[in-house]
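Number of protein chains: 2
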Amino acid sequence: MIETNPNEIVIVKSETSKIGSVDFDNLIFGRVFTDHMFVCDYEDGKWQTPQIMPYQAMTIEPSARVFHYGQAVFEGMKAYKDDDGRIFLFRPDQNFNRINKSAARLAIPEFRKDFFFEGLEKLLKLDSDWIKPGVGNSMYIRPFVIATEPAISASPAMSYRFMIILSPAKAYYNEPVRVLFAEKYSRSADGGVGFAKAAGNYAAQFYPTSLAQKKGFQQIIWTDANTHEYLEEAGTMNIFFRVNDTLITAPNNDRILDGVTRKSVISLAKDLGIECEVRRVSVKEIKAAAIDGSLKEIFGAGTAAVISPVSAFEHAEEVYELEQLDNSYASLFKEKLMNIQHNISEDPHGWRYEVK
Amino acid sequence: MIETNPNEIVIVKSETSKIGSVDFDNLIFGRVFTDHMFVCDYEDGKWQTPQIMPYQAMTIEPSARVFHYGQAVFEGMKAYKDDDGRIFLFRPDQNFNRINKSAARLAIPEFRKDFFFEGLEKLLKLDSDWIKPGVGNSMYIRPFVIATEPAISASPAMSYRFMIILSPAKAYYNEPVRVLFAEKYSRSADGGVGFAKAAGNYAAQFYPTSLAQKKGFQQIIWTDANTHEYLEEAGTMNIFFRVNDTLITAPNNDRILDGVTRKSVISLAKDLGIECEVRRVSVKEIKAAAIDGSLKEIFGAGTAAVISPVSAFEHAEEVYELEQLDNSYASLFKEKLMNIQHNISEDPHGWRYEVK
Chain A
22 MIETNPNEIV IVKSETSKIG SVDFDNLIFG RVFTDHMFVC DYEDGKWQTP
72 QIMPYQAMTI EPSARVFHYG QAVFEGMKAY KDDDGRIFLF RPDQNFNRIN
122 KSAARLAIPE FRKDFFFEGL EKLLKLDSDW IKPGVGNSMY IRPFVIATEP
172 AISASPAMSY RFMIILSPAK AYYNEPVRVL FAEKYSRSAD GGVGFAKAAG
222 NYAAQFYPTS LAQKKGFQQI IWTDANTHEY LEEAGTMNIF FRVNDTLITA
272 PNNDRILDGV TRKSVISLAK DLGIECEVRR VSVKEIKAAA IDGSLKEIFG
322 AGTAAVISPV SAFEHAEEVY ELEQLDNSYA SLFKEKLMNI QHNISEDPHG
372 WRYEVK
Chain B
22 MIETNPNEIV IVKSETSKIG SVDFDNLIFG RVFTDHMFVC DYEDGKWQTP
72 QIMPYQAMTI EPSARVFHYG QAVFEGMKAY KDDDGRIFLF RPDQNFNRIN
122 KSAARLAIPE FRKDFFFEGL EKLLKLDSDW IKPGVGNSMY IRPFVIATEP
172 AISASPAMSY RFMIILSPAK AYYNEPVRVL FAEKYSRSAD GGVGFAKAAG
222 NYAAQFYPTS LAQKKGFQQI IWTDANTHEY LEEAGTMNIF FRVNDTLITA
272 PNNDRILDGV TRKSVISLAK DLGIECEVRR VSVKEIKAAA IDGSLKEIFG
322 AGTAAVISPV SAFEHAEEVY ELEQLDNSYA SLFKEKLMNI QHNISEDPHG
372 WRYEVK
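Laid out in structure tokens, this is it:
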């Protein structure tokens, strides 16, 4: 069934739905995708007519540049449904702006804002049944761009594919995580691509993370590559430290992702009268605070995990356990954020964006 | 036509050949591929039966991890044909070892040596007509591995595809190149993946290189990310400096690729009685040598380009032009290397590997 709409997006609907075969109570993150996907190709110097089509495998040349040179960027977003069946996004302008900032750093042409929003909204409405109401349920949205030109010279491609795929999700991490402060490996360099959601930033973390996991730590808190003295981010999350009642998080720079959840936490802290210092955070200071008892919490903030409390950290072969508080900032921010996201509370900053 | 051979590789030959449509005198690097390709999938914890099949587009899920997290590594090699029609590789063991070193850093399972060599040799023999004799002609060989598992969790994939594709080539750079010494952007961090042929390392260079190109420089010589004071490599080439009659090149470390052409140049220099210092090279020293006239040459060394002379460099908005010498080290090493590669000269180090 093919529809062409006045806004140029061609829609080819799936004849059948897979939704009946999905166990929504036992979703593993990022494995199940909805019935449709959004696809838009860049050819001849411009983004061509976008399509929404049945979710399916695609045909691509082995010489496509993405396979050889990692010319690819992505975003992570979520949609939420309230009890009235209304669908909301959370600060989607931030993700749109960031994917284009990432794209520019990777020499990928910027995507069109009208195509992004129209495509995403039509896609969400078409697969609306897949978005389950209830706090904790969400639709994980993965926009991404890949270089498709079939030529292996090491230079920016002339053709690209922009896609959006949707994966229904429960909370990403359920348990507090144990983390390791990086001492040897690094995530990114000054003057590099750490601030971008560049595909290659992620695979580079897999091996060091696997070593951490063998030692019983789920995540690494990356430190600056030069000295390993300053705590930066967790690779899939930004990171916050609570010392006494003050929050501390690292400033953005060209190594650290400008996280949407991070900046929302900073705003919420201000609303709540919680002091939040955005400054360099040293390993030394956090260890000292852990020893003298002033370190109350560490938590990660990111779209997939929302807020992810840390129960322990390791550095220089010493493990520091953190007591889990009943009235933690982590649970406070998580509740505040999720209530805004799910249209349960007021939204003083205008972060909700209804998909109509 | 399907053949199964005793060494497990399944061969499906192409019914027709594209070779008649190829203009071998006007090849653009990396755009034309031969009639066949080698494919081997990793599933259920092991590399499955490899196949050689007609070169063709492949079907892959949009959620394949390579698209999202850049979990991919590659190699660059060449095959040469002498006037008797014999086919040679150049130090292929180095490439095999390096792709597995790269794979390990990206949490990709190591490939099997028997599959690599049998697959590559059978593929080259099947597409032997595509390898043209004559110095300067070669078959560029691109082995690569991509993460294919259709799931977007940020962790190592459970399934991969190892491929080899072949592209007939002329010399990669024909003219001396003008280069810019990096002052702001960086290629890799200490503790990162710069030493690996990780896909993401390459796309990260495209944007800074495009800025250099707008200023009239084809390549960037990357400097250390911490201080930008030491010259490291050129992204697709290692780099050598000739000061008076001494060669200088940076030592390998976790930021710099362990280049096969680089180490071959170091060996040849020893054979020829040319002093070669493998040590840190500062921007300051090279600028001083350019000013006092002791800087005689700069050249890149890599598989695609073999030896690529540099005619000028820029740093801090100053351009330093280099006189092109008649009897340059660059042309000496290029001739020595190509004569070994094409079976024209003796091969005292046993670098040639005949494909029989």
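These protein sequence lines map, in sequence, to chains A and B.
Our numbering puts the first sequence at residues 22 to 377.
Our numbering puts the second sequence at residues 22 to 377.
Each residue gets a CB set at the ideal place from its N, CA and C atoms; glycine is no exception.
Computed from a predicted model, the values in this text were never measured in an experiment.
Legend entry - Beta carbon proximity, A/T80 to chain B, threshold 8 Å: yes
Legend entry - Spatial neighbours of A/S315 in its chain, beta-carbon cut-off 7 Å, leaving aside the 5 residues before and after: V264, N265
Inset, instruction - Please compile the residues from chain B whose C-beta is within a distance smaller than 7 Å of the C-beta of A/Y90. - result: A220, Y223, A224
Legend entry - Coil, strand or helix - B/I295 by DSSP: coil
Inset, instruction - Could you tell me whether any Cβ in chain B is nearer than 8 Å to the Cβ of A/W352? - result: For the sequence presented, residue 352 of chain A should be read as Ser rather than Trp. No, A/S352 does not count as interfacial toward chain B.
Legend entry - Beta-carbon proximity list for B/G221, same chain, < 7 Å, skipping 5 on both sides: G91
Inset, instruction - Look at B/T282 and B/A322 and say whether their C-beta atoms are less than 8 Å apart. - result: yes
Inset, instruction - Have a look at B/H370, B/R119, B/K134 and flag the residue whose alpha-carbon is nearest the alpha-carbon of B/L127. - result: B/R119
Legend entry - Short CB-CB distance (under 8 Å) between A/M98 and chain B: no
Inset, instruction - Could you work out which residue in A/I328, A/S123, A/F111 is closest to A/P11 when comparing CA atoms only? - result: Residue coverage of chain A in this structure runs from 22 to 377, which leaves residue 11 of chain A outside it and unanswerable.
Legend entry - B/G221 in three-state terms, based on DSSP: helix
Inset, instruction - Return yes when the Cβ of A/R208 is within less than 8 Å of the Cβ of A/G280, no when it is not. - result: no
Legend entry - chain B contact residues for A/R52, given Cβ-Cβ distances below 9 Å: S84, P171, A172, I173, S174
Legend entry - Every unbroken alpha helix (DSSP H) inside the region 127-168 of chain B [4 residues or more]: The region 127-168 of chain B contains these whole alpha helix (DSSP H) runs: 134-147.
Inset, instruction - Could you work out which residue in A/V331, A/Y341, A/D347, A/F59 is closest to A/A185 when comparing CA atoms only? - result: Checking the displayed sequence, the identity of residue 185 of chain A turns out to be Ile instead of Ala. A check of alpha carbon separations from A/I185 across A/V331, A/Y341, A/D347, A/F59 identifies A/F59 as the nearest.
Legend entry - Candidates B/T169, B/K218, B/K146, B/Y228: closest to B/F203 by CA position: Rather than Phe, the amino acid found at residue 203 of chain B in this sequence is Ala. Of B/T169, B/K218, B/K146, B/Y228, the residue nearest in Cα terms is B/Y228.
Legend entry - With 16 other Cβ atoms within 10 Å as the buried cut-off, status of A/T70: exposed
Legend entry - Burial state of B/F45, where buried means 16 or more other Cβ atoms lie within 10 Å: exposed
Inset, instruction - Assuming B/F277 and B/E253 form a contact by the criterion Cβ under 8 Å, report the distance between their Cβ atoms to the nearest whole angstrom. - result: Reading off the sequence, residue 277 of chain B comes out as Ile, not Phe. Contact holds; Cβ gap of about 5 Å.
Inset, instruction - Taking B/K205 as the query, report the chain A residues whose CB atoms sit under 7 Å from its CB, ordered along the chain. - result: G212
Inset, instruction - Assign A/S123 to one of two classes, buried (16 or more other C-beta atoms within 10 Å of its C-beta) or exposed (fewer than that). - result: buried
Inset, instruction - Determine, using beta carbons only, whether A/I365 comes closer than 8 Å to chain B. - result: no
Inset, instruction - Could you tell me how far apart the beta carbons of A/V94 and A/K218 are, in whole angstroms, since I believe they sit closer than 8 Å? - result: 6 Å
Legend entry - Under 8 Å between C-beta atoms of B/L346 and B/E318: yes
Legend entry - Within the region 204-260 of chain B, ranges of the alpha helix (DSSP H) (whole runs, at least 4 residues): 220-235
Inset, instruction - Would you kindly report the start and end of the unbroken alpha helix (DSSP H) that includes B/K305? - result: 304-313
Inset, instruction - Pair every Cβ in the region 175-183 of chain A with every Cβ in the region 48-58 of chain A, then say whether three or more of these pairs are closer than 8 Å. - result: no
Inset, instruction - Please compile the residues from chain E whose C-beta is within a distance smaller than 8 Å of the C-beta of B/L141. - result: No chain E appears in the structure shown, which is made up of the protein chains A and B.
Inset, instruction - Using beta-carbon positions only, say whether A/I173 and A/H249 come within less than 8 Å of one another. - result: Not a contact, by the Cβ cut-off of 8 Å.
Inset, instruction - For A/A326, name the three-state secondary structure that DSSP assigns. - result: coil
Inset, instruction - Using a Cβ cut-off of 8 Å (strictly closer), state whether B/Y3 contacts chain A. - result: Absent from the structure is residue 3 of chain B, since the part of chain B shown begins at 22 and ends at 377.
Legend entry - Run of the beta strand (DSSP E) containing B/K99, from where it starts to where it stops: 98-102
Inset, instruction - Using a cut-off of 7 Å between C-beta atoms, extract the partners of B/N247 located in chain A. - result: N247
Inset, instruction - Following the continuous beta strand (DSSP E) through A/F111, name the residue where it begins and the one where it ends. - result: Looking at the DSSP string, the run of the beta strand (DSSP E) that includes A/F111 is 108-111.
Inset, instruction - Taking only beta-carbon positions, decide if B/F136 is within less than 8 Å of chain A. - result: no
Inset, instruction - Please confirm whether B/P75 and B/S42 have their CB atoms less than 8 Å apart. - result: No, these two residues do not count as a Cβ contact at 8 Å.
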